[in-house]
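**Student:**
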Amino acid sequence: MGEYIIKRTLQMTVVFFLFLVFSYLLFNAIPGNAFSNLLLNPDLPPDAYNRVLELYGLDKPLFERLQLYIVNFFKGDFGYSYKSFPKTPIELIAERLPRTLMLFAIVNIVSFYTGFFIGKILAWRRGSKSETWITLTSVFSYTVFYPWFALMMLWVFGYKLGWLPIGKFLYPEKWYDAPFDSDIVFSSMIKFTIVVSLIQFAAYLATRGIESLSSRRNLRFASLIAIFIGSYFYWNNGAALIKKPYAADIAYHMILPVMVVTIVAFAGTALLTRTTMMEVLKEDYILTARAKGISQKRIRDRHAARTALLPVVTSFIFTIVTIIDGSVLTEQIFSWPGMGQLLLQSVLEEDIPVAMACFSFVGVFALVAHLLADISYSYLDPRIRIKSQG
Amino acid sequence: MNKNIEQDLQKQLRKEAIRKNWNLFRQSKLGMIGLYIVIFFLFLALLQPFLFITGIWNKGVYDPVVGYEAIKDTLLVVECPKEYPTEKYESMKDCPGEGEINVKRLYLAPGVEVGDYYEAFIQPAPPSSRHLLGTDSLGRDVFSQIMEGSQVAFVLGFLSATLGVGISTILGTIAAFFGGRVDAYLMRQSDLILMLPSLPLLFIISAFAELKVWHLAIVLGVLGGLGGSVITIKSQALQVKVKPFVDSARITGGSRWRIMFSHVLPNVAPLALLFMVFSVTGAIASESVLSFLGLLNIDMSWGIMIYLSQTDGFIFSGLEFWWLILPAGLAVTLLAGGFYLVGRGLDDVFNPRLRKR
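The listed protein sequences derive, respectively, from chains R and B.
So the first sequence is numbered by our numbering: it starts at -7 and just counts up by one.
So the second sequence is numbered by our numbering: it starts at 4 and just counts up by one.
(1) Counting only beta-carbon separations shorter than 8 angstroms, does ASP276 (chain R) have a partner in chain B?
(2) Closest by CA to GLN148 (chain B), which one among B:ARG356, B:ILE328 and B:ASN354?
(3) Here's the rule I'm using: 16 or more other beta-carbon atoms within 10 Å means buried, otherwise exposed. How should LEU205 (chain R) be labelled?
(4) According to DSSP, is ILE59 (chain B) part of a helix, a strand, or is it coil?
(5) Just to confirm, is the Cβ distance from LEU223 (chain B) to SER163 (chain B) under 8 angstroms?
(6) Check the Cβ of LEU357 (chain B) against every Cβ in chain R and list those closer than 9 angstroms, keeping chain order.
(7) Would you mind reading off the limits of the alpha helix (DSSP H) that contains THR267 (chain R)?
(8) Helix, strand or coil, according to DSSP, for ASN228 (chain R) in the structure here?
(9) Can you have a look at LEU216 (chain R) and say buried or exposed, based on whether 16 or more other CB atoms are within 10 angstroms of its CB?
(10) Three-state secondary structure (DSSP) at PHE124 (chain B)?
(11) Counting along the chain, where does the beta strand (DSSP E) carrying SER103 (chain B) start and finish?
(12) Going by DSSP, what residue range makes up the alpha helix (DSSP H) through GLY235 (chain B)?
(13) For the region 99 to 183 of chain R, list the alpha helix (DSSP H) runs that are entirely contained and at least 4 residues long, ordered along the chain.
(14) Got a sec? Which residues, its chain only, sit under 6 angstroms from PHE28 (chain B) by beta carbon, not counting five neighbours each side?
(15) What's the gap between the Cα of PHE141 (chain R) and the Cα of ILE309 (chain B)?
(16) Looking only at its chain, what residues have a beta carbon closer than 7 angstroms to the beta carbon of THR5 (chain R), apart from the 5 residues adjacent to it on each side?
(17) Spatial neighbours of ASP51 (chain R) within its chain, please: CB distance less than 8 angstroms, with the 5 preceding and 5 following residues excluded, ordered by chain position.
(18) Which partner residues does VAL80 (chain B) have in the DSSP bridge list?
(19) Provide the residue(s) that pair with THR185 (chain R) in DSSP beta bridges, ordered along the chain.
(20) My guess is that ILE85 (chain R) and PHE353 (chain R) are in contact by the Cβ rule of under 8 angstroms, so how many angstroms apart are they, rounded?
(21) Measuring CA to CA, which of B:PRO200, B:GLN313, B:HIS266 and B:GLU323 is closest to ILE316 (chain R)?
(22) For the candidate residues R:PRO345, R:VAL253 and R:ALA214, whose alpha-carbon lies nearest to that of GLY68 (chain R)?
(23) Please name the residue or residues paired with THR138 (chain B) in a DSSP beta bridge.
(24) Against ILE207 (chain B), what residues of chain R qualify as contacts under a CB-to-CB distance less than 8 angstroms, listed in chain order?
(25) In whole angstroms, what separates the C-alpha of GLN10 (chain B) from that of ALA20 (chain B)?
(26) Tell me LYS289 (chain R)'s beta-bridge partners as DSSP assigns them.
(27) Determine the burial state of PHE324 (chain B): buried for a count of at least 16 other Cβ atoms within 10 Å of its Cβ, exposed for fewer.
(28) Does LYS75 (chain B) come out as helix, strand or coil in the three-state DSSP assignment?
(29) Give the single residue among B:LYS32, B:PHE319, B:VAL292 and B:SER232 whose Cα lies nearest to the Cα of SER282 (chain B).
(30) Taking all protein chains shown into account, decide if GLN13 (chain B) is buried (16 or more other Cβ within 10 angstroms of its Cβ) or exposed.
(31) In whole angstroms, what is the alpha-carbon distance linking ASP35 (chain R) and ALA347 (chain R)?
(32) When the cut-off is 8 angstroms and only beta carbons count, does LYS96 (chain B) lie next to chain R?
(33) Kindly give me the distance between the Cβ atoms of ARG292 (chain R) and TRP116 (chain R), rounded to whole angstroms, as I take these residues to be in contact under 8 angstroms.
(34) Are the C-beta atoms of VAL345 (chain B) and some chain R residue less than 8 angstroms apart?
(35) Kindly give me the distance between the Cβ atoms of PHE9 (chain R) and MET198 (chain B), rounded to whole angstroms, as I take these residues to be in contact under 8 angstroms.
(36) Since VAL243 (chain B) contacts PHE137 (chain R) with CB under 8 angstroms, what's their CB separation in whole angstroms?
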């Protein structure tokens, strides 16, 4: 295994190098550059454009720039943003990334959970009328034309009913006399969410060993209620009390995007679970379990659903890889100032250092996740391990 | 003589296999629903040229891009009161009422007085017997646009899916069959493709190349074919490779390429077909997203219809102009969903473990 990992890492380095070169050339293939609009300004002296180009090193030939960029990249210097000059790409990403991760982490966890639950039941009720209808609905929400659906939801909830805000991250008018900026509030919200989900996850792990299904469920429910009470006390005491209205404002803006993306995303998990679960239900050991007289619910949840979980978890890992890529459209529609918008803006404005930093971030993320997925796969499924040796 | 019998037998066997698979497919309710949806849209796509050729539809009126028909309506010119309620109008929303027009909106038409009748062009016009789904803000027939859009979707979907699945099947089989360096190279290549964020990549490509439908089909096909599907096809081909009949073919002296093409490939084909159906869904969605963002250089498609209804501001006008908002979005969703359901039905056929009995 160790040899395999070393080999893969070497290959990955080569792939990443090629990726860098390829994307750099791709960005430079776009006609014009980030400062082309200076040419349109009649108030500027004619040589201003050339001086700016010289300042940013854009007058050098392409090959020299590429060489410089890659050498500097491996030194850890990503340059400066062209459009928001004194900031570096790292600063920009550090500002934007938490927003995207927060939004999509919630979406992924909720949609994974509900999707798995629904898929389990769908496979179990195979052939019934309700199964057909629920499957059709999930297929609809899986294949729905996403921007259209999101705009319709914006219209219904944001405009017609007026319950939720139309896009954006916060209401600026509420933040005029705020004692801190939104990132501080947001980071404390992230910490809170992480702590809460860790507690619930710990409760989930602790109750895993309990045999009785009903008492297990009750214990998990009790831990959820304990979390609610605890968070009520947390937000009404001390430093958190000042942040509460501002945090509530951000949370209020998060509801609609989370809801819409969850509706679209849960169906994929549900349909995948349905298929794998149907395959598992054909296995002999399910028949054995039935013959032993184990209750139907226990067969469904303990014997079948656990085996069906493996491909679903793998697809979950791959979904995490595509978070940033998938966030582009969502953030554009809901004007959520996250990583996807940064990526799209920098590409459109030809802000090459920022775009390259975003691309390489996505690339490293994807490469490492694929490696991890391959390794965990060969641990989880012995059949693959044999194959990779033989 | 002997050869003829053998050929007949083969033909018969093939026919029987098709009939058996068709019967299996028919049992899956969802697959049949999907098939009906796909056939419906195929019918729409073929109906439009038929209507134009036979002359039932006049090209000047019904052309999806340059067609135009002036739908006139006679309106009574009224003046809206400053204060509500009055005898005629309860609130500001009721004026101008049905068949009426506010005189203030006619500032470009001098000489029109209150009480006159004014002939106005209605664009977008609501559905009528002449225009089944109404007309858009430029007076073009929406139903004809839907038909044109389904032609675009079918061409694009099939072209990109065929290309993509062709590439990924051949590369995946090669990777599984040759192993070693070839395998490592192909796997890293698909890693490279998977690393690129797809939507920004398409943005960049559309920035320096004017994308037409078939350009986009090739781009999507190549990207899909080199990407993740190679990995899946490879794992399927690996399973086929260790089957006894491949070994026996090798012992009888079959060359590498012959074993690959006549023994391994046919056994990977079902999965490839499945992939093809699912990638049609993806291609239709990508085309719609790109034309929704206004990046494609094509005349008419479902994405462009939604794009136009959004830029003209109808999407937030609610359901008053439903014929501009709903048909295009529903068409994309339904066709993609139809292909998805067909894929699920095929899955039931090819994967015996999914069958009911």
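Where a beta carbon is used, it is the ideal one built from N, C-alpha and C, also for glycine.
**Tutor:** With the structure as the only source:
(1) no
(2) B:ILE328
(3) exposed
(4) coil
(5) yes
(6) THR267, MET270, GLU271 and LYS274
(7) 231 to 273
(8) coil
(9) exposed
(10) strand
(11) For clarity, residue 103 (chain B) is Glu in the given sequence; the question names Ser instead. Taken as a continuous stretch (DSSP letters only), the beta strand (DSSP E) holding GLU103 (chain B) covers 103 to 105.
(12) According to the sequence displayed, residue 235 (chain B) carries Thr and not Gly. Per DSSP, THR235 (chain B) belongs to the alpha helix (DSSP H) from 231 to 244.
(13) 121 to 135 and 138 to 145
(14) GLY34, GLY348 and VAL352
(15) 11 angstroms
(16) none
(17) ASN42 and LEU45
(18) B:ILE104
(19) Note: THR185 (chain R) sits in no beta bridge, so no partner.
(20) 6 angstroms
(21) B:PRO200
(22) R:PRO345
(23) B:ASP144
(24) LEU18, PHE19, ALA21, ILE22 and VAL339
(25) 15 angstroms
(26) According to DSSP, LYS289 (chain R) bridges with nothing at all.
(27) buried
(28) strand
(29) B:SER232
(30) exposed
(31) 30 angstroms
(32) no
(33) 5 angstroms
(34) no
(35) 12 angstroms between Cβ atoms; not a contact.
(36) Between PHE137 (chain R) and VAL243 (chain B) the Cβ distance is about 37 angstroms, and since that is not below 8 angstroms, they are no contact.
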